[in-house]
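Residue numbers (our numbering): 4 to 205. Yeah, the Cβ is synthetic: ideal placement off N, Cα and C, and Gly gets one too. Remember, it's a predicted structure, so these values are computed and weren't measured experimentally.
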């Protein structure tokens with residue numbers, strides 16, 4: 004890692020996890036295999052902020068630790084990469100187990116339960132699916148009908164803008180959200196509880 008840590012990918016230790024390494028990796032890792040509109044690729048770091056915003060707005064009673072878990076839900080991808088879902092399923096059990104070990108190490112490193120409680124997991128998974136649905140329409144060229152069929156979304160579409168950031172901006176904002184959540188999340192909650200639903204794209 005650029006931090007100087009030597010991370011054993013197959014047997015990761017929480018002591019070797021640094022948030023700067025995660026932020027750097029996720030900010031340079033493109034969602035949708037890079038096949039998105041815009042000057043910049045849509046990074047996993049920016050997606051992670053969107054998921055956190057959706058958890059905060061759709062599950063407002065969740066503790067700040069759940070929001071932090073939302074921000075880190077794709078944390079393992081800073082070393083495992085972002086495999087599209089069909090490919091991930093084809094690779095199979097070995098990849099899933101590796102990802103789970105890395106997730107547990109990341110959670111432990113930042114004071115979260117190694118395995119998320121069920122209600123946290125449901126909130127984060129729901130926000131992740133909604134984020135993917137919105138990204139499909141706004142960025143990846145899917146029609147609304149196609150995206151609704153693929154993601155099973157039957158509700159109205161939230162009014163939100165998604166404008167892909169440069170990797171430098173994505174890294175900076177990911178770290179800012181992380182530090183805010185670690186200190187109580189007061190700035191994030193104030194921003195996300197406002198009527199505006201486009202913080203992820205500005």
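- The straight-line gap separating the alpha-carbon atoms of residue 93 and residue 192 is approximately 38 angstroms.
- Judged by DSSP secondary structure, residue 175 falls within the alpha helix (DSSP H) whose first and last residues are 170-185.
- Straight through space, the alpha carbons of residue 156 and residue 133 are spaced by roughly 8 angstroms.
- The residue among 163, 138, 177 with its C-alpha nearest the C-alpha of residue 35 is 138.
- As the crow flies, the alpha-carbon of residue 168 is around 12 angstroms from that of residue 32.
- Out of 70, 194, 181, 11, the CA that lies nearest to the CA of residue 83 is found in 11.
- Closest by C-alpha distance to residue 122, out of 20, 52, 147, 63, is 63.
- Less than 8 angstroms separates the beta-carbon of residue 177 from that of residue 30.
- As the crow flies, the alpha-carbon of residue 189 is around 20 angstroms from that of residue 173.
- For residue 158, no alpha helix (DSSP H) segment is defined, and its DSSP state is neither H nor E.
- Setting aside the 5 residues that flank it on each side, residue 105 is surrounded in the same chain by 12, 15, 78, 79, 82, 83, each with a C-beta closer than 8 angstroms to its C-beta; the list follows chain order.
- Contact annotation: residue 47 and residue 85 have beta-carbon atoms nearer than 8 angstroms.
- The distance from the Cβ of residue 54 to that of residue 130 is about 5 angstroms, consistent with a contact at the 8 angstroms cut-off.
- Annotation for residue 99: 91 place their beta carbon closer than 8 angstroms to its own, counting only its chain and skipping 5 residues before and after.
- Restricting attention to 165, 9, 141, 135, the CA atom closest to the CA of residue 154 is found in 135.
- Scanning its chain for C-beta atoms nearer than 8 angstroms, with the 5 sequence neighbours on each side dropped, one finds around residue 171 the residues 30, in chain order.
- By the criterion of a C-beta distance shorter than 7 angstroms, residue 87 is surrounded in its chain by 36, once the five residues flanking it on both sides are discounted.
- Contact check for residue 118 against residue 72 fails: the beta carbons are separated by 8 angstroms or more.
- At least 8 angstroms separates the beta-carbon of residue 103 from that of residue 17.
- Among the bridge pairs identified by DSSP, residue 51 is matched with none.
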